[in-house]
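According to numbering that gives the first Met the number 0, the sequence shown is numbered sequentially starting from 0. Here the structure comes first, spelled out in structure tokens, and everything after it is commentary.
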Amino acid sequence: MFKVVSNSAKNGNGRQKACKYLNELALCNALEMAKELISVINKVPVTVFLWRPEKYWPAEFVSENIKKFGYTVEEFTSGKVMYGNIVHPDDLERVERELLRRIDEDYVDFSQEYRILTKSGEVRWVEERTFIEADENGIVKYLKGIVLDITERKRKEKLLYIQRDLGIALSTSSSMNETLEKLLDSCLQIDEINAGGIYLIDEETGDMTLAIHRGFSPNFVEYASHYSANSPNTKLVMIGQPVYKQHIDLLLTSRDDALRHENLRATAVIPVKSRKKVIAAFCLSSSLEFEIPDSVRTVIETIATQFGVFISRIRLEEKLKECRKKRKS
């Protein structure tokens, strides 16, 4: 016996097959589009997150750019590392508080800046744009985050603030010691510099003496606190040009051998001029960096120029005071 299949049954089966094919085709297209979208996300200079709104924000998805901070995608998606774990401890409470406040106030999105820690322990500044996805009842289901590294921008902003604040501070300085304190404190606010001193040139003898210092070892202060006018160190300063070298490359005499084992790397020697005459010098060093960046060089050279102007004014005022005293006596 042969089974008779009606035309309507045949047509029904055909439609089912066609629908199945179309669904599979749509699924393939969607997957291809998703792959393309992820490919685009991984190429832009941001890191994209999809977080669950739970403690420390576990990640459902993170783009491959997370490797810029030393982490892998799997570390986050497996739950081994949660985003809250990498937020700087000093910023974590504020970040949590801001997120909860925006959720309570029914924000759809907001931005904030804070610090994170890379896997190697380096501190980076980021700007995060957060999109809050809630259901029809207002229950937050997901948090979508776009994280941009703004460390370089923050560093440049800090350098500008240092220059601005120093200019304001120097305008009210009334003594040489006060001026030296403010100058050196400003230089040591720069992240790349963690040791420094200011030498003054004696107007009569031409000798160079360390007037103020921070971060140098007692050994450094003992052997590098005074240089005669004829020493190679003083002559280098009197050329009047900034010098950027490794600390070890600035050991110019046998006497400097005592400084060979100092924990110093990149070093800047910046002459300070007044009316084209060298009157002082900055010696600024880093125990971390092997080279002082160009942006930092520009700032410390600008500070040296500011110092030249103010030291001339202060010396002139001191001479006027001495003249007045002599006249009264």
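We treat Cβ as the ideally placed atom computed from N, Cα and C, and that holds for glycine. No experiment lies behind these values; they were computed from the predicted model shown.
> Could you give the residue range of the beta strand (DSSP E) that holds residue 145?
Replying inline: 139-148
>> Quick check on residue 322: buried or exposed, where buried means 16 or more other Cβ atoms within 10 Å of its Cβ?
In response: exposed
> When DSSP builds the beta bridges, which residues end up paired with residue 108?
Replying inline: 130
> To the nearest angstrom, how far is it from the Cα of residue 239 to the Cα of residue 272?
Replying inline: 8 Å
> Does the beta-carbon distance from residue 261 to residue 215 come in below 9 Å?
Replying inline: yes
> Given 8 Å as the limit, is there contact between the segment 130-143 and the segment 87-105, that is, 3 or more CB pairs closer than that?
Replying inline: yes
> How about residue 97 and residue 76: are their beta carbons less than 9 Å apart?
Replying inline: no
>> Three or more C-beta pairs under 8 Å: does that hold for the segment 172-185 against the segment 78-88?
In response: no
>> Can you tell me where the beta strand (DSSP E) holding residue 183 begins and where it ends?
In response: Counting along the chain, residue 183 falls outside any beta strand (DSSP E), though it belongs to the alpha helix (DSSP H) covering 175-186.
>> Checking 9 Å against the spacing of the C-beta atoms, do residue 284 and residue 195 come in under that value?
In response: yes
> DSSP beta-bridge partners for residue 245?
Replying inline: 265
> Which word fits residue 44, buried or exposed, when buried means at least 16 other C-beta atoms lie within 10 angstroms of its C-beta?
Replying inline: exposed
>> Within a Cβ cutoff of 8 Å, which residues of the same chain sit near residue 288, ignoring the five residues on either side of it in sequence?
In response: 191, 264, 265
> Is residue 268 closer than 9 Å to residue 249 when the C-beta atoms are compared?
Replying inline: yes
> In whole angstroms, what is the alpha-carbon distance linking residue 137 and residue 50?
Replying inline: 17 Å
>> With DSSP as the reference, identify every bridge partner of residue 282, one or two as the case may be.
In response: 196, 268
>> I'd like the span of the beta strand (DSSP E) that includes residue 59, first residue to last.
In response: 58-61
> Are residue 145 and residue 68 close, meaning C-beta to C-beta below 9 Å?
Replying inline: no
> Taking the continuous beta strand (DSSP E) assigned at residue 251, which residues delimit it?
Replying inline: Per DSSP, residue 251 belongs to no beta strand (DSSP E) and is neither H nor E.
> Near residue 280, what residues of its chain come up, given a Cβ to Cβ distance below 8 Å and the 5 sequence neighbours on each side ignored?
Replying inline: 197, 198, 200, 207, 236, 268, 269, 270, 271
> Taking the continuous alpha helix (DSSP H) assigned at residue 72, which residues delimit it?
Replying inline: 72-76
> Span of the beta strand (DSSP E) holding residue 189?
Replying inline: Per DSSP, residue 189 belongs to no beta strand (DSSP E) and is neither H nor E.
>> If we define contact as Cβ-Cβ less than 9 Å, is residue 141 a contact residue for chain D?
In response: You won't find chain D in this structure, because it holds only one protein chain.
> Rounded to whole angstroms, how far is the Cβ of residue 123 from the Cβ of residue 114, which I believe are closer than 8 Å?
Replying inline: 7 Å
> Under 9 Å, do residue 180 and residue 211 count as touching if we go by C-beta distance?
Replying inline: yes
>> Which of the three DSSP states is assigned to residue 55 in this structure?
In response: coil
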